[in-house]
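*Asks:* In terms of the numbering used here, the sequence shown is residues -14 to 149. Below is one structure. I have some questions about it.
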Amino acid sequence: MALALTKADITNLGKVPSVSSLATGSSTISADFAKKLFADRFRDIRGPRVHIPVTPCVTQATPETFDSLVLESSLPVVVDFWAPWCGYCTRFKPVFDQACEEYKGKMNFVAFNTDLDDSVWSRYGMEGIPTQIAFNDGTEVARNIGYVPIERFRGWLNGVLRSL
């Protein structure tokens, strides 16, 4: 992506805004310039904003359906807490989908978009996403934080099943 700068942006590049100009809300460097300058950096950190479709195997929970799908399930449940702007979440989705197909009938797999509701996020004291939490009889039994490849995720799931 090419960076398009105006003549004013280039002229003001070396100038540091004064304290008085910052207090009044104006600055020597425009907000548009800052967005242009740092757009690529923030895009790389956050990952692309994409819609992550949920496969038929994975059930999408909402704040209203979370308790019935997860806490009241007769089978153990693994919940993937994710957000559409999270790059590692988008990388983990195929792993979660594959595990869902492989462990069908042994566990239920649920995806929860953390952007939908802060109360579910805070209820479990999460520190980052993606986070997978395994529940059995409505109680948390294991937690995995971050992206892991399918082999490690299978090992984690097998450990969860052995512990029940």
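Note that beta-carbon positions come from the ideal geometry of N, C-alpha and C, so glycine has one too.
1) Using only the alpha-carbon positions, how far apart do residue 147 and residue 75 sit?
2) Among residues of its own chain, excluding the 5 on either side of residue 94, which ones have a beta-carbon nearer than 6 Å to its beta-carbon?
3) Among the candidates 145, 58, 96 and 59, whose CA atom is the shortest distance from the CA of residue 114?
4) Closest to residue 123 by C-alpha separation, out of 68, 149 and 79, would be which residue?
5) Tell whether a beta-carbon distance below 8 Å holds between residue 88 and residue 132.
6) Going by C-alpha to C-alpha distance, which of 119, 57, 118 and 104 sits closest to residue 48?
7) Mind checking residue 134: buried by the 16 CB within 10 Å criterion, or exposed?
8) Within the same chain, show all residues whose beta-carbon is closer than 8 Å to that of residue 99, passing over the 5 residues directly before and after it, in chain order.
9) Which class does residue 103 belong to by DSSP, given the choice of helix, strand or coil?
10) Would you verify that the beta carbon of residue 100 is, or is not, closer than 8 Å to some beta carbon of chain D?
11) On a Cα-Cα basis, can you pick out the residue from 119, 109 and 82 that is closest to residue 41?
*Replies:* With the structure as the only source:
1) 28 Å
2) 43, 63 and 85
3) 96
4) 149
5) no
6) 104
7) exposed
8) 66, 67, 68, 105, 106, 111 and 114
9) helix
10) Although the question refers to chain D, the structure presented lacks it and comprises just one protein chain.
11) 82
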